[in-house]
Amino acid sequence: MGPIIPLNAVSPVWAASLSPKLASRMQFGWTISVHIIFASLSIGLAPFIIYFTWKDVRTSEQRYARLRSFWVKVFAAGFVMGTVTGIPMSFQFGTNFPQFAEVAGELIGGPLAFEAKMAFFLEAVFLGVLLYGRDRVEDRTYLISSVLVGFGAWLSGFWILIVNAWMQTPRGYEMVTRNGMEVAKLTDPFAAFLTPRMPWMYVHMMNASVISVALLVAGVSAYIVWKKPDTEAWNTALKMAVVLLIVSAPFQAVHGDAYGRHVEETQPQKFAAMEAHYETGQADLHLLAFPKSPEALTDPRAENLVTVSLPAVGSFLASGGDFDAEIIGLNEYDENPPVALVFWSFRFMVGLGFLFIGLALWGGYLMYRGRLSDNTRYLKAMIAASPLGYAALLTGWYVTEIGRQPWVIQDELRTSEAVSSTLTGTEATLTLVGFVVVYVGLVLTALYTLKWLIREELQLLGVRESSEGRWHGPLPGVSDDD
Amino acid sequence: MMTDSLLPVDTYLVESLPEIWFGAVLFALGMYVVLDGFDFGIGILYATRTDEHERETFLSAFGPVWDANEVWLVAFGTMLLAAFPRVYSRLLADNYLVAIGVVLALVFRGLGPELREQRNDERWKRYTDYAFVGGSVFAPLLFGMLAGRWLFGEATLPVVLTGVGLVAVSVVTGAAFLAAKTEPGLASELRTYGIGATLAYLSGVIVLLGTVVLTDAGGAADTVLSLPVAAVVALSVAVGLIGSVLARRGQYRAWLASALALPTLLTILVAILLYPTIYPPTGLLVREVVVSPLALNLVTVLGFPVLLLVLWYFKFLYGVFSGPIEGEGYGG
Ligand code: HDD
Ligand code: HEM
Ligand code: HEM
Numbered sequence: 071m072g073p074i075i076p077l078n079a080v081s082p083v084w085a086a087s088l089s090p091k092l093a094s095r096m097q098f099g100w101t102i103s104v105h106i107i108f109a110s111l112s113i114g115l116a117p118f119i120i121y122f123t124w125k126d127v128r129t130s131e132q133r134y135a136r137l138r139s140f141w142v143k144v145f146a147a148g149f150v151m152g153t154v155t156g157i158p159m160s161f162q163f164g165t166n167f168p169q170f171a172e173v174a175g176e177l178i179g180g181p182l183a184f185e186a187k188m189a190f191f192l193e194a195v196f197l198g199v200l201l202y203g204r205d206r207v208e209d210r211t212y213l214i215s216s217v218l219v220g221f222g223a224w225l226s227g228f229w230i231l232i233v234n235a236w237m238q239t240p241r242g243y244e245m246v247t248r249n250g251m252e253v254a255k256l257t258d259p260f261a262a263f264l265t266p267r268m269p270w271m272y273v274h275m276m277n278a279s280v281i282s283v284a285l286l287v288a289g290v291s292a293y294i295v296w297k298k299p300d301t302e303a304w305n306t307a308l309k310m311a312v313v314l315l316i317v318s319a320p321f322q323a324v325h326g327d328a329y330g331r332h333v334e335e336t337q338p339q340k341f342a343a344m345e346a347h348y349e350t351g352q353a354d355l356h357l358l359a360f361p362k363s364p365e366a367l368t369d370p371r372a373e374n375l376v377t378v379s380l381p382a383v384g385s386f387l388a389s390g391g392d393f394d395a396e397i398i399g400l401n402e403y404d405e406n407p408p409v410a411l412v413f414w415s416f417r418f419m420v421g422l423g424f425l426f427i428g429l430a431l432w433g434g435y436l437m438y439r440g441r442l443s444d445n446t447r448y449l450k451a452m453i454a455a456s457p458l459g460y461a462a463l464l465t466g467w468y469v470t471e472i473g474r475q476p477w478v479i480q481d482e483l484r485t486s487e488a489v490s491s492t493l494t495g496t497e498a499t500l501t502l503v504g505f506v507v508v509y510v511g512l513v514l515t516a517l518y519t520l521k522w523l524i525r526e527e528l529q530l531l532g533v534r535e536s537s538e539g540r541w542h543g544p545l546p547g548v549s550d551d552d
Numbered sequence: 042m043m044t045d046s047l048l049p050v051d052t053y054l055v056e057s058l059p060e061i062w063f064g065a066v067l068f069a070l071g072m073y074v075v076l077d078g079f080d081f082g083i084g085i086l087y088a089t090r091t092d093e094h095e096r097e098t099f100l101s102a103f104g105p106v107w108d109a110n111e112v113w114l115v116a117f118g119t120m121l122l123a124a125f126p127r128v129y130s131r132l133l134a135d136n137y138l139v140a141i142g143v144v145l146a147l148v149f150r151g152l153g154p155e156l157r158e159q160r161n162d163e164r165w166k167r168y169t170d171y172a173f174v175g176g177s178v179f180a181p182l183l184f185g186m187l188a189g190r191w192l193f194g195e196a197t198l199p200v201v202l203t204g205v206g207l208v209a210v211s212v213v214t215g216a217a218f219l220a221a222k223t224e225p226g227l228a229s230e231l232r233t234y235g236i237g238a239t240l241a242y243l244s245g246v247i248v249l250l251g252t253v254v255l256t257d258a259g260g261a262a263d264t265v266l267s268l269p270v271a272a273v274v275a276l277s278v279a280v281g282l283i284g285s286v287l288a289r290r291g292q293y294r295a296w297l298a299s300a301l302a303l304p305t306l307l308t309i310l311v312a313i314l315l316y317p318t319i320y321p322p323t324g325l326l327v328r329e330v331v332v333s334p335l336a337l338n339l340v341t342v343l344g345f346p347v348l349l350l351v352l353w354y355f356k357f358l359y360g361v362f363s364g365p366i367e368g369e370g371y372g373g
């Protein structure tokens with residue numbers, strides 16, 4: 071039976087001799103990781119933008135105008151980054167995985183084209199109005215534009231996740247030979263678009279985006295409130311974010327638990343990798359797992375871990391009630407995904423999920439006591455937690471995508487068969503390096519942009535910057551921000 | 042199966058649906074070349090301005106529309122994938138570095154203006170301007186080269202000339218678009234560039250086609266010597282010259298209309314050179330590589346109404362931002 075395979079995939083030793091396959095996978099994984107951050111920023115910010123715009127148009131209260139203008143700027147910068155990183159995504163199906171594009175073209179081409187026509191145009195056109203058209207259109211048109219931009223973001227998630235869900239649980243097609251190649255022919259559009267995975271993925275992903283953005287908004291608000299406690303606008307934003315978190319964080323855990331059962335049914339090999347379950351048979355549930363030795367980081371077998379486990383509860387959960395249910399182990403397969411990456415990524419995501427529930431409850435308690443904005447410890451915790459939603463979101467995707475290996479289309483097409491046969495290692499390595507350099511720059515500028523926006527906001531609020539570039543505030547005697 | 046009753050499974054909705062889709066894919070390409078073309082033109086002409094006020098004027102013409110224009114590239118790519126997956130795969134995989142070059146150039150072009158606004162610092166502005174101008178030059182150059190590879194295969198000179206031609210025609214439309222929207226002084230400077238680029242573009246097209254005839258690049262010599270190609274070239278020359286006269290007379294809106302006809306004619310030329318194959322160097326025919334009836338019927342029924350809606354969005358968008366440029370700078 072196969073050893074624990076491509077852990078090499080993360081080893082820097084490989085860098086010297088990147089094969090087209092490895093370079094393509096790294097490039098795809100890297101570029102989609104950056105893209106997804108901005109895409110989910112748009113998805114998660116959409117409800118905030120619509121709400122602020124609505125309040126601004128309706129009540130003309132200063133605080134909503136201010137929040138709208140700040141977050142629309144963040145949205146706009148994120149949107150541009152989402153756009154420029156999205157276009158390489160759609161090209162890479164052809165440049166790096168042409169066999170995949172050709173085999174799956176009939177199935178994925180439609181949803182991708184609908185995404186462009188139904189969602190991207192909607193977002194791009196009405197964002198133009200939202201950003202530049204405040205004085206050119208009526209209030210109502212302006213408000214509708216904000217709704218359409220948000221709707222476009224959620225719709226684009228819908229179509230792209232149809233594609234990804236199909237790769238996990240492919241349905242609605244048959245294999246035929248065309249131009250000397252085995253390709254998937256669409257036989258049932260309903261089955262192909264609404265695969266069993268789709269509803270799980272859509273709900274979990276949209277909620278993950280909301281959580282991530284709620285944490286970001288909470289972190290930025292906490293920082294500004296910490297610097298200037300009497301700001302009405304940012305106290306409102308902080309409260310909103312915490313309320314959103316109280317709803318979305320527990321929901322994600324409950325939903326994720328059921329989602330895991332669905333994965334066990336549809337992709338048993340991936341589930342086994344998530345639990346590092348090697349021998350077919352009864353499975354324990356590892357509530358907590360710590361590495362006993364450094365070895366466990368690369369080989370998370372039970373004997374290498376210190377675990378807090380519930381015996382047989384793994385079987386119970388995965389089967390929905392049967393303690394003796396047989397869970398297929400990794401030893402049954404010839405080739406397995408890199409178990410350690412999947413196992414630890416899964417734990418990382420779930421661990422963060424529980425942390426977010428804790429933060430939400432703590433915030434709820436403080437709000438109930440009316441002390442949300444003067445508990446410095448809470449404000450600091452929220453500032454520190456602001457990037458963690460994205461960390462959970464990314465690692466969740468690593469579970470999904472790496473856990474599916476060696477398949478790119480589950481049980482139908484192997485990743486190794488999907489990679490371009492004309493691509494050379496040099497070309498692939500060259501572009502990989504190019505994307506790494508450019509996207510690191512891009513992510514850094516995104517962070518700086520956020521920093522500059524916050525600084526501008528603090529200046530508007532009358533908090534002064536000292537010569538060392540550190541903040542000293544709130545200043546006595548500065549009046550209310552409105 | 043539920044779809045049986047709704048959509049024919051084994052026959053195309055209409056006999057010529059594969060050809061209609063060939064047309065639809067080229068329509069998306071044409072929209073991209075026309076609309077993002079003038080964005081590229083704005084970016085290139087931006088390099089000729091040193092005055093901060095003028096630069097900001099350019100950026101506020103560019104800001105509200107470029108992103109929507111760029112989506113036509115995505116529409117083109119995904120429609121190609123949906124209808125002709127093999128062409129999409131081979132075109133991008135066979136021309137790997139050029140294709141990746143296009144998207145990286147687009148990254149710089151898109152980010153430049155967005156980032157420029159974020160800071161008031163001379164050096165920062167200079168670097169973001171480099172990104173904007175460099176991206177605006179290289180994106181059409183490389184995209185044109187990709188189109189050249191699509192049409193003519195490996196032949197270097199025709200491929201490069203296609204790239205240069207796309208840059209030139211982008212300058213024409215960019216100049217006309219800006220001239221129609223700015224004050225007369227600036228407009229008359231822009232028309233000089235516009236007329237120069239028109240002449241460069243027209244002679245480029247003629248040299249390109251001449252080279253193709255002489256070297257039979259991609260086996261396209263016969264097609265180039267056909268009547269439809271001659272007609273399109275003659276029309277382009279006529280439109281280009283009339284446009285230049287209109288520009289001289291200061292009739293900028295009319296000039297813009299004629300300028301936009303040039304990339305439209307260019308796309309028609311591409312269509313003629315492709316059909317009935319769809320990737321000439323490989324000899325693949327439209328009918329050979331098209332997806333199965335059910336899949337194509339589905340994207341037709343769901344996609345075409347949306348395409349009409351999209352055209353309405355554009356009418357709305359350009360309606361809102363019609364007339365002279367107001368305000369300054371990217372941030373509006
Ligand atoms: C803020 C982000 C976030 C948080 C807090 C959680 N998740 Fe998650 N999870 C994601 C973000 C995410 C995601 C967006 O990254 C994924 C990848 C694919 C998907 O549909 O959602 C995901 C996938 C995903 C999968 C499927 C993997 C696959 O498709 O192969 C499972 C079983 C879970 N999650 C389970 C959970 C559990 C039990 C959580 C407990 C708290 C949890 N998630 C919190
Ligand atoms: C929803 C749209 C998505 C689609 C259609 C998609 C498709 C693909 C494809 C075609 C590959 C290449 C083949 C392979 O290596 O398996 C891949 C790999 C990968 N994807 Fe995704 N993906 C999507 C979303 C994501 C997201 C959001 C992330 C991360 C945040 C992600 C992370 C990765 C990683 C890390 C790999 C490399 C896996 C490996 O090679 O081990 N994907 N995906
Ligand atoms: C491999 C898969 C993916 C491809 C090929 C892809 C492609 C694209 C493209 C071409 C754009 C630019 C559209 C424009 O010009 O406006 C874009 C933007 C966007 N994508 Fe993706 N994408 C992928 C994965 C995802 C995923 C997993 C999501 C979310 C679930 C997502 C959500 C979005 C959103 C919301 C936008 C709008 C831009 C923004 O708001 O930042 N994409 N994507």
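Protein chains in written order, with this note's numbering: chain A, 71 to 552; chain B, 42 to 373.
Cβ coordinates follow ideal geometry from the N, Cα and C atoms, glycine included.
| Item | Value |
| --- | --- |
| In the DSSP assignment, find the beta strand (DSSP E) that holds residue 320 of chain B and state where it starts and stops. | 318–320 |
| So which of B:173, B:336, B:225 has the shortest CA-CA distance to residue 290 of chain B? | B:225 |
| Quick check on residue 43 of chain B: buried or exposed, where buried means 16 or more other Cβ atoms within 10 Å of its Cβ? | Residue placement at residue 43 of chain B cannot be trusted, given a pLDDT of 48 that sits under 50; what the coordinates show is reported in the next sentence. Looking at its Cβ environment, which holds fewer than 16 other Cβ atoms inside 10 Å, residue 43 of chain B is exposed. |
| For residue 84 of chain B versus residue 213 of chain B, is the C-beta distance shorter than 9 Å? | no |
| Closest Cβ-Cβ distance between residue 61 of chain B and chain A: below 9 Å? | no |
| Comparing C-alpha positions only, which one of A:420, A:218, A:193 sits nearest to residue 121 of chain A? | A:218 |
| Smallest Cα separation from residue 167 of chain B: which of B:93, B:276, B:287? | B:93 |
| What residues in its chain sit with their C-beta under 6 Å from that of residue 61 of chain B, if we drop five residues either side in the sequence? | none |
| Mind checking whether the beta-carbon of residue 221 of chain B lies closer than 8 Å to any heavy atom of ligand 1? | no |
| Cutting at 8 Å between CB atoms, please list the residues of its own chain near residue 541 of chain A, excluding the five before and the five after it. | Only weak support is given to the placement of residue 541 of chain A: the predicted model assigns it a pLDDT of 43, under 50, and the question is left unresolved by the model. |
| Starting from residue 358 of chain B, find everything on chain A with Cβ-Cβ shorter than 8 Å and list it in chain order. | 195, 198, 199 |
| Who are the Cβ neighbours of residue 465 of chain A in its own chain at under 6 Å, not counting the five residues just before and after it? | 415, 418, 419 |
| Output, in chain order, the set of chain A residues within a Cβ distance shorter than 8 Å of residue 180 of chain B. | Those within 8 Å of residue 180 of chain B in chain A number zero; the least Cβ separation is about 10 Å. |
| Whose Cβ in chain A lies nearer than 9 Å to the Cβ of residue 87 of chain B? | Chain A residues near residue 87 of chain B: none, gap ~17 Å exceeds 9 Å. |
| Taking 9 Å as the threshold (beta carbon to beta carbon), is residue 58 of chain B in contact with chain A? | no |
| Would you report the Cα separation of residue 55 of chain B and residue 455 of chain A, rounded to the nearest angstrom? | 57 Å |
| For residue 487 of chain A, return the contacting residues in chain B, with the cut-off set at a CB-CB distance below 7 Å. | The contacting residues do not exist; residue 487 of chain A stays about 13 Å from chain B at best. |
| Report whether the distance from the Cβ of residue 292 of chain A to the nearest heavy atom of ligand 1 is below 8 Å. | no |
| Can you tell me where the alpha helix (DSSP H) with residue 188 of chain A in it begins and where it stops? | Element bounds for residue 188 of chain A: n/a, residue is neither H nor E. |
| On the DSSP letters alone, give me the boundaries of the beta strand (DSSP E) that residue 254 of chain A sits inside. | 251–256 |
| Using a cut-off of 9 Å between C-beta atoms, extract the partners of residue 478 of chain A located in chain B. | Residues of chain B passing the Cβ test: none, with the nearest at roughly 14 Å. |
| Quick one: grab the DSSP three-state call for residue 140 of chain A. | helix |
| Between which residues of its own chain and residue 413 of chain A is the CB-CB distance below 6 Å, once the five residues before and five after are set aside? | 346, 370 |
| Would you say residue 334 of chain A faces chain C, with C-beta separation under 9 Å as the test? | No chain C is part of this structure, whose protein chains are labelled A and B. |
| Nearest to residue 106 of chain A by CA position, among A:89, A:155, A:137, A:129, is which residue? | A:155 |
| What do you get for residue 170 of chain B, buried or exposed, if any count of 16 or more other CB atoms within 10 angstroms of its CB means buried? | buried |
| List, in chain order, every chain B residue whose beta-carbon is nearer than 7 Å to that of residue 157 of chain A. | 114, 115, 144, 147 |
| Let's test the definition: count the other Cβ atoms within 10 Å of the Cβ of residue 252 of chain A and tell me whether it reaches 16, buried, or not, exposed. | exposed |
| Taking DSSP's pairing of strands, which residues face residue 248 of chain A in a bridge? | A:251 |
| Touch check for the region 101–118 of chain A and the region 219–226 of chain A: three-plus C-beta pairs under 8 Å? | yes |
| So, does the CB of residue 207 of chain B fall closer than 9 Å to a CB anywhere in chain A? | no |
| In whole angstroms, what is the alpha-carbon distance linking residue 58 of chain B and residue 255 of chain A? | 17 Å |
| With a threshold of 6 Å on Cβ separation, who are the neighbours of residue 537 of chain A within its own chain once the five nearest residues in sequence on each side are excluded? | Low local confidence applies: a pLDDT of 41 at residue 537 of chain A is under 50, so the model's placement there is unreliable, with the coordinate-based value given in what follows. For residue 537 of chain A, where only same-chain residues beyond five positions count, there are no Cβ hits under 6 Å. |
| I need the straight-line Cα distance from residue 135 of chain A to residue 206 of chain A, nearest angstrom please. | 17 Å |
| Is DSSP giving residue 360 of chain A helix, strand or coil here? | strand |
| Classify residue 74 of chain A as helix, strand or coil using the three-state DSSP reduction. | Per-residue confidence for residue 74 of chain A stands at a pLDDT of 40, beneath the threshold of 50, marking its modelled position as unreliable; no derived number is given. |
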